[in-house]
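In terms of the working numbering, the sequence shown opens at residue 1 and continues consecutively.
Just so you know, even glycine gets a beta-carbon here, dropped at the ideal spot from N, CA and C.
Shown next, in structure tokens, is the structure this report addresses.
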Amino acid sequence: MNNIVILISGSGSNMKAIVEHSIKARWLERYEARVSLVLSTDPASKGLAWANAAGLHTQVLSHKDYPTLSKDQAREAFESDLCAVLDEQAPALVVLAGFMRILSPSTVEHYAHRMINIHPSLLPAFTGLQTHERALLAGCKFHGATVHWVTAELDAGAIIDQAVVPVLSTDTVQMLAHRVLTQEHLLYPSAIENWLKTGSKLKAVEVGR
Ligand code: GRF
Numbered sequence: 001m002n003n004i005v006i007l008i009s010g011s012g013s014n015m016k017a018i019v020e021h022s023i024k025a026r027w028l029e030r031y032e033a034r035v036s037l038v039l040s041t042d043p044a045s046k047g048l049a050w051a052n053a054a055g056l057h058t059q060v061l062s063h064k065d066y067p068t069l070s071k072d073q074a075r076e077a078f079e080s081d082l083c084a085v086l087d088e089q090a091p092a093l094v095v096l097a098g099f100m101r102i103l104s105p106s107t108v109e110h111y112a113h114r115m116i117n118i119h120p121s122l123l124p125a126f127t128g129l130q131t132h133e134r135a136l137l138a139g140c141k142f143h144g145a146t147v148h149w150v151t152a153e154l155d156a157g158a159i160i161d162q163a164v165v166p167v168l169s170t171d172t173v174q175m176l177a178h179r180v181l182t183q184e185h186l187l188y189p190s191a192i193e194n195w196l197k198t199g200s201k202l203k204a205v206e207v208g209r
């Protein structure tokens with residue numbers, strides 16, 4: 001079974017798009033793949049409420065769950081618990097979808113070639129935050145989103161796929177963000193499906209699973 005685990009922190013619209021596409025495109029029958037867990041760092045997130053209502057297996061885990069520990073210890077405890085929860089799923093793919101934590105190199109290494117992210121810019125341009133503001137300020141004529149492998153360096157892993165949108169002279173940040181997000185909802189499910197069609201089999205042979 002190709003268990004796909006999705007990690008979210010907020011509205012979870014990409015997670016929703018992936019789940020809905022996985023059902024519509026019959027990933028279970030075609031690729032023996034399913035979204036086996038949605039993990040949210042925020043117990044009050046909109047995405048978590050949607051996943052629960054959809055009957056998905058969900059879990060909440062936050063670095064704030066360790067109030068008595070120092071910042072460094074809390075990060076370590078959070079990531080150790082996160083890995084334990086994820087590893088129970090033996091995930092074929094860990095999908096970061098608006099997951100607002102930067103993971104330590106050892107956690108990233110543990111999921112090497114199994115962890116992907118979606119970033120709201122045409123990487124390598126505009127790593128980090130406020131990508132739409134920065135694209136507008138830079139006078140970009142095109143902007144977009146990137147699905148990439150997660151490596152220890154932020155937003156720097158190999159690019160899997162991208163979606164491009166035009167930037168209009170009348171755009172506000174909200175208008176541009178909305179145009180990009182609409183494309184993300186097509187790009188992310190399609191990138192995962194392409195991986196299911198090809199990459200997952202190659203990887204399984206490579207690592208002898
Ligand atoms: C998206 O813009 C994504 O590119 C970025 O975080 C946002 C998540 O949105 N990584 P949502 O939670 O999927 O609605």
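Remark: the shortest separation between the CB of Ala49 and any heavy atom of the ligand GRF does not fall under 6 Å. With a beta-carbon spacing of about 6 Å, Ala33 and Ile4 fall inside the 8 Å limit used to define contacts. Distances between the C-beta of Pro124 and the heavy atoms of the ligand GRF are all 6 Å or more. Annotation note: the stretch 125-153 contains the following uninterrupted alpha helix (DSSP H) runs of length 4 or greater, listed N- to C-terminal: 131-137. A residue is called buried once 16 or more other Cβ atoms fall within 10 Å of its Cβ, and Asn117 is buried on that count. Not one heavy atom of the ligand GRF falls within 6 Å of the beta-carbon of Pro166. Pairing His143 with Val167 gives a Cβ-Cβ distance under 7 Å. Inclusion of Gln89 and Leu136 in the CB contact set at 7 Å is not warranted, their separation being larger than that value.
Under the three-state reduction of DSSP output, Gln89 falls in the coil class, being neither helix nor strand. For Thr151, the CB contacts under 7 Å within the same chain, skipping 5 residues up- and downstream, are Val108, Gly157 in chain order. Residue pairing from DSSP places Ser40 in a beta bridge opposite Ile8, Val60. With 16 or more neighbouring CB atoms inside 10 Å of its own CB, Met15 falls in the buried class.
At a threshold of 6 Å, Pro91 does not count as near the ligand GRF, since its beta carbon sits no closer than that to any of the ligand's heavy atoms. Rounded to the nearest angstrom, the Cβ distance from Tyr31 to Ala97 is 19 Å, too far for a contact under 8 Å.
For Ala54, the closest alpha carbon among the candidates Arg101, Val35, Gly128 is that of Val35. When DSSP states are grouped into helix, strand and coil, Arg114 belongs to the coil group.
Close CB contacts of Phe126 within its chain, under the 7 Å cut and outside five residues either way in sequence, are with Arg134, Ala135 (chain order). At least one heavy atom of the ligand GRF is found less than 6 Å from the C-beta of Ile118. Val167 carries a coil assignment under DSSP once its states are collapsed to helix, strand and coil.
The Cβ atoms of Ile160 and His178 lie no closer than 7 Å to each other.
Placement of the Cβ of Asn3 at a distance of 6 Å or more from every heavy atom of the ligand GRF is found.
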